[in-house]
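Structure, rendered in C-alpha cells:
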C-alpha cells in the first residue's frame, strides 16, 4: 500500500507552510527576466583565477588533509585568520571563540536550535531578514517586531519589547537586509546597555559590514559590548553572538561563514554541528584560507566596493528619474539593497505579477515582516545586475509603478 | 554583568550531554597513536590529480555559476548522474526523487527534523550507527533496539517492535557500522513486507554498498520495496528513504551525499534545507560532477576495494594470531569495520585507557547501543591505516587484551 506520509511527519513539518514568496520567485528565474529579487553578489567580482591557483596549491600540498574529514569547529589556521580580520573590523577574540559554519544561514539555524523553545520570543527589527525568520520558525519562535527609523531600532520600543521576556535580540546593524538602513552609533550603545540590563543576548548579523560606499565604518555591537564590560583578556566573553561570512567577500558558492561567541556558547554550537553535519567542507576551508591568507581580502574588497557603489548610484539615478513621486526610498550607505515604500493602497505582490510580464522582478516586502504588515514595500537588489541592465529594469519597473498608481486612484 | 547563558538555552540543549566517547576520542588524535577509532577513508585512495583537473576545468568553464548561490535541491546534472548510478546499484528514480545534502549526517538530521516529535520511537538495529542516534537525540527520539545476528535484524523481534508504533525503521543493510554484518536477502524481503504492513517508513543508510570484498552485491531494500509494490513508472514512490554518499567513493572532505525518496518527501526535505543552510556548496557539486561524469567512479571503486580488502585481510590475520581466544569477531564482507565482542566481564572503555598508553586506539562499542548495553564490545576500523600500521597496532592491542583478561580472572 502507499505510505501515508502526511501522517508520518512531525508537528513542526505540518506547520511548515509552502512560502508564497518562493513560488513567486520561481517565476523570476526565467532567463530573460531582469531580476532585482535575489541577494546575489556580482559574478564579475568572483576571484576565479585566485581560486584556481589556490585549488592547485591546496591539492598539491595538502590534498590528503583537504579531502579528509576534519574538525567540527573548523580549520584552525582559518579561525586564526578570522580572529585577525575580526580584530580589525568587529571584535577581539581567540580562535576558541570562532566556529566555521556552512553559510550564515546555518549559524542562524544552530542558534535557533541551541536557544529557542517553541513559543519563545525573539526581538527583531521590522522589517528583518527573511532567512532568520525561516530558520527560527522551525523551532517555533514568536517575534516581537520593533519599529525602525533610518537610524535603526527605535529605542523606547526596544525597551518595551525587552519587558516581554524575549530569548534573543536579532539585529543587522550595517546596511540591513532588507531595509538598507544602518544603526547609528548612539543606538548601538543603547542596544548594548539595554540588552545587558535585561540579560538578553544579542545576535549581530553582519554579512555586509565591509561593503560600505559612503561614510565611516562604525564599531560593531560586539565591540561596543566588549568595551561596555571592559573586557581586556583578549578572549571574547560578551553578550553578543556575532555572525559574518565569506559569501559577500569571496563567493557564496563555497558556503563558508563564521560565528564569534563566548567559548561556552561555541561549545554548544559545536555539539549541535557535530550532530547536524559533522563539519563544513575541509576542502573549501583550505581553499578560502589559501586565497585570503596573504591579505588578498583587503585588496579585493576595494574592487567589490567600487563595482557595487557604481550600481547603487545608477539605480538611484534611474529611480529618481522614472519612479512616481508617491514611491519613497532612502539611499543605503552600503550593502546590496534599496528598500522602497509605496502608498498603502498598493500591494507589492500584485505589482510583481505585472512586473514579471514586463520581464522585471523584485521581492515584495511583506515576507520580511513577521506581523503581516509591509504589503506596500519592496526590496530591490543592485549588486547582481550590470549598470545597463539596472537602467533597463528600473525603467520597466517605473512604467509598472506609474500604471499601478494611476489604476489605484 | 555576565550573561547567564545556561538559563538562555533551549530545553533540547540542556539535555544534550557532552559525549564521553568524544572526550576519549580526543586522546586518540595524538599524532603518535595508531588509531582504529575513526571511520576515515584511506587518504592514499583520494583521486587528488582528478580533483585538480576538475577544479581547473570547472573554474575555467563555469566559474561564475560554481561560485554563486545555487538551488537548494542540488545541481541538476549531478542529480541526473546519481539517478543513473542508483539505477545500477540501488533503485530506479528520477532527479526529482534526489536531493543533495552536506554529507549523510545532514540527511539524518533533516529526516529527524521532518519526522520526529519528542518521544517518537525509531526502530534501530542493535548496535546501530552512533551518528544517527546523535542526530535524532536532538529531536527527542526514543529507540527500540532490535537484536541482530549475522544476517541482520531478527525478524520476530522486528515485528514485536513494530507493534510499539514507531515512526521510522532505521537500517544499514550493507557492512553495517559498527557491526560489519550484512542483512541477508531473505531478511531484506521480510523487512519490506513488515514495514508495508505496519505503514512504517524505512530509512536505508548505505554509505558502503559498493565497498564489497567478497560475495555478490545484494539488492537494496529500496529496490526490493519497489519490486514488492510493482512500481513501473520510473519515478520512485516507495516506502524507503535511501541515503548514500560520495564520502567513501570520492572524498569526505567535500561533504557531498544524497537522499532518494518519494517526491513528496523530497519537497519537505528541500524546505528544511532551505531554512537550514540554503544549499550545499555549488563548487563542490560542480567538481564532484566533473570528476565522476565519465564513469570514473566505476574504475576508482576497484582501487578502493583492492586497498581495503588487503587491509581487512591483514587485520583479520593478525587478530587471529594475537587476540586471546575469548575475544570474538566475524569477518565483514565489505565496509570499513571489524566488530569485536569480549567476555561480559570486560569494559571496553577501561581497555581503551590502557590501549592509549600503548599508543593504539579503537571505539568502545557501548555508544552504539541506545539501551546502554554493549560495554564489552569494540569497533576497529581497517580502512585508514596501512597494512604495516595495522600489524603493529593489532599486536599492541592483543597484548592489552591478554593482560586485561588475565587481570579479570
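Protein chains in written order, with the numbering used here: chain A, 1 to 409; chain B, 1001 to 1409.
Note that CB positions come from ideal geometry on N, CA and C, so glycine has one too.
- In this structure the region 182 to 192 of chain A does not lie against the region 319 to 327 of chain A, because fewer than three pairs of beta carbons, one per stretch, are closer than 8 Å.
- Of 334/A, 8/A and 245/A, the smallest CA-CA separation from residue 183/A is found for 334/A.
- Assignment of residue 1118/B by DSSP, reduced to helix, strand and coil, places it in the coil class.
- Looking at the DSSP output, residue 1101/B bridges to 1257/B.
- Here DSSP, grouped into helix, strand and coil, assigns residue 152/A to strand.
- Shown in chain order are the members of the region 67 to 80 of chain A whose Cβ falls below 8 Å from a Cβ of chain B: 67, 68, 69 and 70.
- Counting along the chain, residue 1271/B sits inside the alpha helix (DSSP H) bounded by residues 1263 to 1277.
- Burial check for residue 1303/B: the Cβ neighbour count within 10 Å stays below 16, so the residue is exposed.
- For residue 1381/B, there is no enclosing alpha helix (DSSP H); the enclosing beta strand (DSSP E) has its first and last residue at 1377 to 1381.
- Rounded to the nearest whole angstrom, the C-alpha separation of residue 1225/B and residue 1159/B is 17 Å.
- Nearest C-alpha to residue 1358/B among 1015/B, 1027/B and 1002/B: 1027/B.
- For residue 1283/B, the enclosing alpha helix (DSSP H) starts and ends at 1282 to 1292.
- The C-alpha of residue 242/A is placed about 15 Å away from the C-alpha of residue 114/A.
- From the beta-carbon of residue 1064/B, the residues of chain A found nearer than 9 Å are 43, 44, 46 and 48.
- At least one C-beta of chain A is nearer than 8 Å to the C-beta of residue 1004/B.
- In the structure shown, the three-state DSSP call for residue 1393/B is helix.
- Counted as a single uninterrupted DSSP element, the beta strand (DSSP E) harbouring residue 341/A occupies residues 337 to 341.
- Any Cβ of chain A closer than 8 Å to the Cβ of residue 1111/B would place that residue at the interface, and such an atom is absent.
- If you draw a straight line from the Cα of residue 128/A to the Cα of residue 1004/B, it is about 26 Å long.
- Following the DSSP letters along the chain, one finds residue 1244/B inside the beta strand (DSSP E) bounded by residues 1240 to 1245.
- Neighbours of residue 1282/B in chain A, taken as residues whose beta carbon is under 9 Å from its own, are 251, 252, 253, 254 and 255 in chain order.
- Residues of the region 1112 to 1140 of chain B that bring their beta carbon within less than 8 Å of a beta carbon in chain A comprise 1113, 1114, 1115, 1116, 1117, 1120, 1131, 1134, 1135, 1137, 1138 and 1139, in sequence order.
- In this structure residue 1315/B does not touch residue 1384/B by the C-beta definition: roughly 11 Å separates them, more than the 8 Å allowed.
- In this model, residue 295/A and residue 210/A are separated by some 14 Å (Cα to Cα).
- Contact annotation for residue 1265/B against chain A: 5 [CB-CB distance below 7 Å, chain order].
- The Cβ-Cβ distance between residue 1180/B and residue 1338/B falls below 8 Å.
- Assigned with DSSP and collapsed to three states, residue 44/A falls in helix.
- For a Cβ distance threshold of 9 Å, nothing in chain B lies close to residue 305/A: the least Cβ distance comes to about 19 Å.
- Between the region 1076 to 1086 of chain B and the region 1101 to 1114 of chain B, the count of C-beta pairs closer than 8 Å stays below three; the two stretches do not touch.
- Residue 168/A: member of the beta strand (DSSP E) spanning 168 to 171, first to last residue.
- Going by beta carbons, residue 1378/B and residue 1368/B fall outside the 8 Å limit.
- Ranked by Cα distance from residue 125/A, the first of 149/A, 271/A, 16/A and 237/A is 149/A.
- Burial is judged here by how many other beta carbons sit within 10 angstroms of a residue's own beta carbon; residue 1215/B has fewer than 16 and is exposed.
- Straight across, the Cα-Cα distance linking residue 374/A with residue 232/A is about 43 Å.
- Residue 1334/B is bridged by DSSP to 1212/B.
- Three or more Cβ pairs closer than 8 Å define a contact, and the region 61 to 74 of chain A meets that threshold against the region 1241 to 1259 of chain B.
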